[in-house]
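Undergrad: One structure coming up, written as structure tokens, with questions to follow.
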Amino acid sequence: MLTVLSLCGMTALSTACQADLSPNERAGMFHGNNGGTTLNVYDRNDLNNNATNVNNQNNGRQFGYVREQRNPNGNVNEQLEGMPTMDYEQTANAISKMLTTLPNILDVATVVTDEEVLIAYQTDSNDRKDTADMVSKSALSVVPRYYHVYVSDNPRMIREIERFGLLTTDSPNVDAVLEYTIKEMLESPQGYQLNKGENANGEFIGGNNDELDENYHQDNKR
Numbered sequence: 069m070l071t072v073l074s075l076c077g078m079t080a081l082s083t084a085c086q087a088d089l090s091p092n093e094r095a096g097m098f099h100g101n102n103g104g105t106t107l108n109v110y111d112r113n114d115l116n117n118n119a120t121n122v123n124n125q126n127n128g129r130q131f132g133y134v135r136e137q138r139n140p141n142g143n144v145n146e147q148l149e150g151m152p153t154m155d156y157e158q159t160a161n162a163i164s165k166m167l168t169t170l171p172n173i174l175d176v177a178t179v180v181t182d183e184e185v186l187i188a189y190q191t192d193s194n195d196r197k198d199t200a201d202m203v204s205k206s207a208l209s210v211v212p213r214y215y216h217v218y219v220s221d222n223p224r225m226i227r228e229i230e231r232f233g234l235l236t237t238d239s240p241n242v243d244a245v246l247e248y249t250i251k252e253m254l255e256s257p258q259g260y261q262l263n264k265g266e267n268a269n270g271e272f273i274g275g276n277n278d279e280l281d282e283n284y285h286q287d288n289k290r
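For the sequence shown, our numbering begins at 69 and goes up steadily by one.
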């Protein structure tokens, strides 16, 4: 109930603030290229200062909020300019650090490509499939939804993963090397099927895992 009242209060406050603004002030809250309409609620100094004071008192981090309205006269390429792109190394770093905080995970090597995450890890757990599921789903929570995650608890694969640190998406034969490495990783447990339409790697049924792992259907019928 308290949460509902708080949300109502925030809505009323937002409406009141907008009513008190002049047309010029309201226009100043929107910014962007070619007449774009990006609204950041903390563009106003009074709101920003209040939010900062609250954060300093509670040691919290401010939520991110942006409202974007379509510009009917804008060029698509121009509208996409300045959009953040994925930093593969930082993403791999974040995944590796997160995984080493999980139970029974001792060592992690992670490589992130433009659409795959390959993770080799060392564990002292005897439940290989449950551990693989924990590792895989943790990684999937970090990357965009179209990514596929492949894992292996074979310590030898850690060395295999390390060599990708010297490669780029333009390296010769990199796709063939990736495919071969993924095939090797699929010899290890991958966890449990995500849902009825996706296997443990986040692929639609019929993807690499479904084709290469003969035990896939048997494992997921249990």
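In this text, a Cβ means the ideal position worked out from N, Cα and C, and glycines have one as well.
Look up Arg138 in the DSSP assignment and say whether it is helix, strand or coil.
TA: Position 70 of the sequence shown, counted from the first residue, corresponds to residue 138. DSSP places Arg138 in coil when its eight states are reduced to three.
Undergrad: For Leu174, which of helix, strand or coil comes out of DSSP?
TA: In the sequence shown, residue 174 corresponds to position 106, counting from 1. Note: Leu174 maps to strand in three-state DSSP.
Undergrad: Which runs of the alpha helix (DSSP H) at least 4 residues long sit entirely within the stretch 156-226? Give them in chain order.
TA: Counting only runs of 4 or more, we get 156-167 and 196-208.
Undergrad: Grab me the residues of Leu167's own chain with a C-beta within less than 8 angstroms of its C-beta, minus the 5 sequence neighbours each way, in chain order.
TA: Here residue 167 is taken as the residue at index 99 of the sequence shown, counted from 1. The answer, listed in chain order, is Ile173, Val176, Thr178, Ile187, Tyr189, Val203, Ser206 and Ala207.
Undergrad: What separation, rounded to the nearest whole angstrom, lies between the Cα atoms of Asn194 and Ser239?
TA: The count along the sequence shown starts at 1 and reaches residue 194 at position 126. The count along the sequence shown starts at 1 and reaches residue 239 at position 171. Cα-Cα distance, rounded: 37 angstroms.
Undergrad: Taking its Cβ as the centre, do 16 or more other Cβ atoms sit within 10 Å of Tyr133, making it buried, or is it exposed?
TA: Sequence index remark: in the sequence shown, residue 133 carries index 65 (1-based). Result: exposed.
Undergrad: Any idea if Ser209 is buried or exposed, counting beta-carbon neighbours within 10 angstroms, 16 or more meaning buried?
TA: Indexing the sequence shown from 1 puts residue 209 at position 141. It counts as exposed.
Undergrad: Please report how far the alpha carbon of Glu271 lies from the alpha carbon of Met151, in whole angstroms.
TA: Here residue 271 corresponds to residue number 203 of the sequence shown, with the count starting at 1. Here residue 151 corresponds to residue number 83 of the sequence shown, with the count starting at 1. Their Cα atoms are separated by approximately 27 angstroms.
Undergrad: How many Å lie between Arg224 and Ile273 at the Cα?
TA: The count along the sequence shown starts at 1 and reaches residue 224 at position 156. The count along the sequence shown starts at 1 and reaches residue 273 at position 205. Answer to the nearest angstrom: the Cα atoms are 28 angstroms apart.
Undergrad: Give the single residue among Val242, Asn222 and Thr153 whose Cα lies nearest to the Cα of Arg231.
TA: In the sequence shown, the residue the question calls residue 231 occupies position 163. Selected option, being the one with the closest Cα: Val242.
Undergrad: Using the Cβ count rule (16 or more neighbours within 10 Å means buried), how would you classify Asn127?
TA: In the sequence shown, counting from the first residue as 1, residue 127 sits at position 59. Exposed, by the Cβ-count rule.
Undergrad: Taking only three categories from DSSP, how would you classify Glu266?
TA: For the purposes of this step, residue 266 is taken as the residue at position 198 of the sequence shown. Correct three-state label for Glu266: strand.
Undergrad: Suppose you measure from the CA of Asn161 to the CA of Gln147; what does that come to, to the nearest Å?
TA: Numbered from 1 along the sequence shown, position 93 holds the residue referred to as residue 161. Numbered from 1 along the sequence shown, position 79 holds the residue referred to as residue 147. Between Asn161 and Gln147, the C-alpha separation is close to 30 angstroms.
Undergrad: Suppose you measure from the CA of Asp155 to the CA of Thr181; what does that come to, to the nearest Å?
TA: On the sequence shown, position 87 is the one that residue 155 refers to. On the sequence shown, position 113 is the one that residue 181 refers to. So the alpha carbons of these two residues sit roughly 10 angstroms apart.
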